[in-house]
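Participant: Under mature numbering (1 follows the signal peptide of the UniProt record, and there is no 0), residues -20 to -1, 1 to 148 are what the sequence shown spells out, in order. Mind looking over this structure? Questions follow.
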Amino acid sequence: MPATLSAVTAALLLGGTASGYTVDAEGRFAPPAAFIPSAAVTYDQSYVPAAASIRVRQHTGTGGATRIDLRITGARPHHSFGASVHQHPCGTLPADAGPRYRNQPGTADDNEVRLDFTTDAQGTGAATDRHTWGLRRGEAASVVIQDRPGDGTTRVACFTVPFGWVTE
């Protein structure tokens, strides 16, 4: 996909079948003040340079069991990043994505969607998280990438994702 197209486009595939549905979003990172806005925002290009790419896929089966996959290319090589689903879309400031999504608000971290990954020599990394529960409508809107796993304060990039939700 050309850089200009992917900077403003997130591909969304919703298939409502007996086996569930899939959301597939991808984009290229750009700074918050970029001439062409992007759903993928980099706040620190030393970690996630402009034009690095990201893909997030959510598959939710019947009953709500959910798998979320993340793949990033062009990020800082040989680096361990933290990543998690957050409640609000990305914005101009790293804090705009709000707090982490929790399946049971106010409880321990084990009910979050965690997508921590380590990049290889080319800056490519991937992660998968599976849960028996699905995402609630309006409560999951982005994936925030942190400097390192477990770091909730140093947000280096964000990707707004049109997550699907459980209707039950």
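Even for Gly, the Cβ is constructed at its ideal location relative to N, Cα and C. In this text, all values refer to a predicted model and were calculated from it rather than measured experimentally.
1. Can you tell me which of the three DSSP states Gly7 falls into?
2. Bridge partners of Arg47, per DSSP?
3. What does the alpha-carbon distance come out to for the pair Gly62 and Asp96?
4. Taking the beta carbon of Ser122 as the centre, do at least 16 other beta carbons fall within 10 Å, making it buried, or is it exposed?
5. Mapping DSSP to helix, strand and coil, what is Ala121?
6. With a Cβ-Cβ cutoff of 9 Å, do Thr134 and Gly103 count as a contact?
7. Exposed or buried, what is Cys138 when buried is set at 16 or more other beta-carbons lying within 10 Å of its beta-carbon?
8. Have a look at the DSSP bridge pairing and note the partners of Phe61.
9. Between Arg37 and Thr87, is the Cβ-Cβ spacing less than 9 Å?
10. Spatial neighbours of Val136 within its chain, please: C-beta separation below 6 Å, excluding the five flanking residues on both sides.
Facilitator: Judging by the given coordinates:
1. Strand at Gly7.
2. Under DSSP, Arg47 shares a beta bridge with His39, Arg110.
3. For Gly62 and Asp96, the distance between alpha carbons rounds to 4 Å.
4. Buried.
5. Here DSSP, grouped into helix, strand and coil, assigns Ala121 to coil.
6. Contact flag unset, no.
7. Taking every protein chain shown into account, the CB of Cys138 has 16 or more other CB atoms within 10 angstroms, so this residue is buried.
8. According to DSSP, Phe61 bridges with Phe97.
9. Not in contact: Arg37 and Thr87 (Cβ atoms no closer than 9 Å).
10. These residues qualify, in order along the chain: Tyr23, Asp24, Tyr27, Val28, Ile125, Asp127.
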